[in-house]
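One structure below.
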Ligand SMILES: [Zn+2]
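In my numbering, the protein residues as written are 16 to 183.
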C-alpha cells in the first residue's frame, strides 16, 4: 500500500517502498548519495536531520537478514565497518546506535545513529532513540542544522571513495 512520507526538508511524497524509491534514485536523500554499489545504497536519513545518521539499504527488495546472498553479506559487514570508521575519523562520532528491524514498511536497511551529547536528555539507551529522533525532526529543521547535515553527507561520501568491497 502506498504511503505518504515527510522528508526532512518538509516535502511529502507517496511511494510503495521508501527504500526502493531511495535506492533506485526516484527520490533523493538529503545531501545526495553517500555510497552506492550494485548491492547497496548508503544515504543520510531522509526524515531525521541528524549529522552522520547513515542508512545502509539493500538495493534488492527483501526484509530479513537470512535473505542476504553470500555476496551481499560480505559486502554488508565491510560497509558497516568502513562507514563506522569514517564516522569516527571524519565526524568525530564516538558512539553509534545500530537499529534494524524486519517488520518494516521499507525494505532491508540498517540505521547507524550517532549518539550525541544532547540525546542524553532523553535517556541512556534504546528507549531514548525515538524521542531523540522526533526531537531532531521537530526542532532541528533549521537551515543551519540542515547545512551541517549536508556537510556530513559530503564528508562521508569523500571518506567512502576508497572503499573496496570484499565481494569483488
Ligand atoms: Zn523495496
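Glycine residues also receive a C-beta, built at the ideal position from the N, C-alpha and C atoms.
- Residue 111 sits close to residue 130, with the two beta carbons spaced by under 8 angstroms.
- Shortest Cα-Cα distance from residue 52 to any of 39, 45 and 43 involves 39.
- Minimum Cα-Cα distance from residue 24 among the listed residues 17, 42 and 32 corresponds to 42.
- If one requires a minimum length of 3 residues, the beta strand (DSSP E) runs lying completely within the region 73-161 are 111-114 and 124-129, in chain order.
- Pairing residue 56 with residue 48 gives a Cβ-Cβ distance under 8 angstroms.
- For residue 122, the distance from the CB to the nearest heavy atom of ligand 1 is below 7 angstroms.
- A residue is called buried once 16 or more other Cβ atoms fall within 10 Å of its Cβ, and residue 136, having fewer, is exposed.
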